[in-house]
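See below for the structure under consideration.
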Amino acid sequence: MHVDAAIRSRKSVRRFQPWPVPRATLEQLLELAARAPSGSNTQPWQVHVITGERKQALCADILSHVASAHAPDAEYAYYPEHWFEPYQQRRREVGFELYETLGIERHDKVARRQQELRNFSFFDAPVGLLISLDRRLGAGSFLDLGMFLQTFMLAARARGLHTCAQAAFAGYHQVVRAHVQLPAEQLLVCGIALGHEVHDAAENTMKTPREAIEGFTSFHGFAD
Ligand SMILES: Cc1cc2nc3c(=O)[nH]c(=O)nc-3n(C[C@H](O)[C@H](O)[C@H](O)COP(=O)(O)O)c2cc1C
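Following our numbering, the numbering of the sequence shown begins with 8 at its first residue and continues without gaps.
Encoded structure:
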């Protein structure tokens, strides 16, 4: 697959087939993802891959934590405390679009919550990855993790696989910590669901919009 095609066909898939992904494929993807650049070649990513009964046990444990009213408590702030424009609008749009696609009414909090909780079954994906980094590193290492994530997701596309990055797991790092023996200095950044998409699932049909380049770029010193 041409790299442009991998980039354009990547999307967040939120309903996966149960078909397994062989460990050899995972090793290929991880080896490729580790070619991602990182500041001073620090390679700060740590990856914990989970499948089968171990994955089911983790998912069940997170869902029972949620059910006993444990609020998420991520160890880093992905989002600002107070939203502002234009980010608030973009965030709302993608949320509303997902619920609309699924036929969930905007004010149906129960159905919205149910959909949100599907994060904790990795959207039925056969494999989940949990990505962590040493908390003593600096903010720059989060950039490096982003490089790693995108490289992994594109390499997955090149093999006909799909993904969904999942910051939702960061809120339940205590539960994850016990299941994958995450050392104390490791900070859980996010998860990734990996597998084959269910082609006709409504939630996989959403094409999220992007700003035109004039919206985020200024050119300087060009003749034209
Ligand atoms: C680091 C990261 C964390 C994300 N966390 C979640 C998540 O927890 N749950 C979810 O459903 N989507 C999550 N997403 C997916 C975004 O909502 C999605 O990338 C965005 O809406 C753009 O859509 P696209 O990926 O289909 O292009 C995450 C994406 C990134 C990059």
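Even for Gly, the Cβ is constructed at its ideal location relative to N, Cα and C. Please read these numbers as outputs of a predicted model, since none were measured by experiment.
Short note on C66: C-beta not closer than 7 Å to any heavy atom of ligand 1. Rounded to the nearest whole angstrom, the CA to CA distance from D151 to H72 is 31 Å. If the five residues before and after L168 are omitted, its C-beta is found closer than 7 Å to the C-beta atoms of V28, L201, G202 and H203, all from its own chain and listed in chain order.
Counting along the chain, G198 sits inside the beta strand (DSSP E) bounded by residues Q193 to G202. Below 8 Å, enough C-beta pairs join the region 179-198 and the region 72-85 to call them touching: three or more. In this structure, the straight-line span from the alpha carbon of E221 to that of R99 is close to 22 Å.
In the structure shown, I69 adopts helical secondary structure according to DSSP, grouped into three states. In this structure the region 154-161 does not lie against the region 88-107, because fewer than three pairs of beta carbons, one per stretch, are closer than 8 Å. Burial check for T58: the Cβ neighbour count within 10 Å reaches 16 or more, so the residue is buried.
Put simply, the backbone Cα of Q193 is about 22 Å away from that of L33.
Beta-bridge analysis with DSSP links T58 to V134. Here the C-alpha atom of Q173 lies approximately 43 Å from the C-alpha atom of A230. Taking 8 Å as the cut-off, the beta carbon of S19 is found no closer than this to the beta carbon of C197.
Distances between the C-beta of Q173 and the heavy atoms of ligand 1 include at least one below 7 Å. Ranked by Cα distance from D207, the options I14, A13, G228 and R21 are led by R21. In terms of Cβ geometry, A209 and T108 form a close pair [threshold 8 Å]. Residue range G147 to A165 is occupied by the alpha helix (DSSP H) that includes T158.
With respect to the 8 Å criterion, F127 and K62 are not classified as neighbours on the basis of their beta carbons.
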